[in-house]
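Data block below; observations after.
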Amino acid sequence: MQYTPRYSSQLARFIDLLSFILTYPWITIASLTVANYLVLKPDQRSIKTKSLHYAVYGPLLLILCLVLVPFALLGYSLWILICALFSSDPYSLVSFSKSVKRRTQSDFTFATMNVVMGQEVLGKFNNCSFVYDRLKKIAAQILKQEDSLLSNMEGVDQITKSESVISSFPKMDFICLQEVTDRFFALALISMLRKHYSYFIFDIGVNSLKTNLYLANSGLMIASKYPIVKVKFKPFSKKKGWQRAVSYGVVICKLDLGDNNVGILANLHTMAYQGLDPLIDLALTEVK
Numbered sequence: 428m429q430y431t432p433r434y435s436s437q438l439a440r441f442i443d444l445l446s447f448i449l450t451y452p453w454i455t456i457a458s459l460t461v462a463n464y465l466v467l468k469p470d471q472r473s474i475k476t477k478s479l480h481y482a483v484y485g486p487l488l489l490i491l492c493l494v495l496v497p498f499a500l501l502g503y504s505l506w507i508l509i510c511a512l513f514s515s516d517p518y519s520l521v522s523f524s525k526s527v528k529r530r531t532q533s534d535f536t537f538a539t540m541n542v543v544m545g546q547e548v549l550g551k552f553n554n555c556s557f558v559y560d561r562l563k564k565i566a567a568q569i570l571k572q573e574d575s576l577l578s579n580m581e582g583v584d585q586i587t588k589s590e591s592v593i594s595s596f597p598k599m600d601f602i603c604l605q606e607v608t609d610r611f612f613a614l615a616l617i618s619m620l621r622k623h624y625s626y627f628i629f630d631i632g633v634n635s636l637k638t639n640l641y642l643a644n645s646g647l648m649i650a651s652k653y654p655i656v657k658v659k660f661k662p663f664s665k666k667k668g669w670q671r672a673v674s675y676g677v678v679i680c681k682l683d684l685g686d687n688n689v690g691i692l693a694n695l696h697t698m699a700y701q702g703l704d705p706l707i708d709l710a711l712t713e714v715k
């Protein structure tokens, strides 16, 4: 396995790891605290379970959250320091090199999927089940691939809604994922998918005051069976409100397809909840 972090400086890598260790426990506990009081619809919990959540688990999580605040503040300060002082790539890369020669192919299949794979509060807000359970299920479903290609874009206007729903994935050479919003879940997915995919880019985004207030990355991630030889990330410039805390943008990869052939693959996530502002149109204009 080869891991290429976003920082080339050994000192920056150490501070980055230390910052993560100090901040991530607080982020996780704070997320669980808020998520504890959000309700999935339909709410199938018993009265006893609800009482435990509201009267016991919630207060205990809140106390632990408050205890961890000083460590989180220190970690966030260190994070701002390295973002401001050290140059970095806008992504991290993990590769599992294989000596097996791939058969020549002329058709390639990619899939794009928004997996809402981040802190529990984000999943609960989107009415998704417990994130740590979904993590295993999503990885298992991705690996259940048929050994055939899916080509259904021709005559797409004639495809009915029921015909567009499939129970298992076709063979996928590349997967573009959205809303994989932190390193833990990205690395967990990598560990589960690595036997089928050898190259991954994750933790994609530009960290600056202007781009994301030194907070959330883009949530974009790519899994590939073919080597990723070059990566470029373009952050979107037009955002509003809480969107300014997210490094929304588009990532473009150059892929080595073998036999002196290359491919270009792009993955993006436009701004959610744009309201009356044409933020998605402006973002797509920047992609052009």
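For any residue, its number in the working numbering is found by taking its place in the sequence shown, counting from 1, and adding 427. For each residue, glycine too, the CB sits at the ideal point set by N, CA and C.
- Annotated three-state conformation of Gln572 is strand, per DSSP.
- Selection Gln532, Lys468, Gln670, Asn694 evaluated against Lys681 yields Asn694 as nearest (Cα-Cα).
- DSSP, reduced to helix, strand and coil, places Tyr451 within a helical segment of the structure shown.
- DSSP assignment within the stretch 492-570 yields the following whole alpha helix (DSSP H) runs of 4 residues or more, N-terminal first: 547-552, 558-570.
- Residue pairing by DSSP puts Phe601 in a beta bridge opposite Phe537, Ser651.
- Under the 8 Å Cβ criterion, the stretch 660-674 does not count as touching the stretch 682-693, having fewer than three qualifying pairs.
- In the DSSP assignment, Asn694 falls within the unbroken beta strand (DSSP E) covering 688-696.
- In the DSSP annotation of this structure, the continuous segment of the beta strand (DSSP E) that includes Val678 starts and ends at 676-685.
- Close CB contacts of Lys468 within its chain, under the 7 Å cut and outside five residues either way in sequence, are with Asn554 (chain order).
- One alpha carbon belongs to Ala511, the other to Glu606, and they sit about 25 Å apart.
- Listed in chain order, the non-local C-beta contacts of Leu636 below 6 Å within the same chain number zero, local neighbours out to five positions each way being set aside.
- Looking only at Val677, Met544, Arg621, the smallest Cα-Cα distance to Lys564 is reached by Met544.
- Annotated as distal: Phe629 and Phe537, with beta-carbon spacing of 9 Å or more.
- The alpha-carbon separation between Leu459 and Glu547 amounts to approximately 6 Å.
- Taking a cut-off of 8 Å on C-beta distances, the stretch 429-437 does not touch the stretch 487-499, as fewer than three cross pairs fall below it.
- Here Val461 carries a helix assignment [DSSP, helix/strand/coil].
- In this chain, the alpha helix (DSSP H) harbouring Thr476 covers 474-479.
- In this structure, Ile631 places its C-beta atom within 9 Å of the C-beta atom of Met648.
- Under the three-state reduction of DSSP output, Gln429 falls in the strand class.
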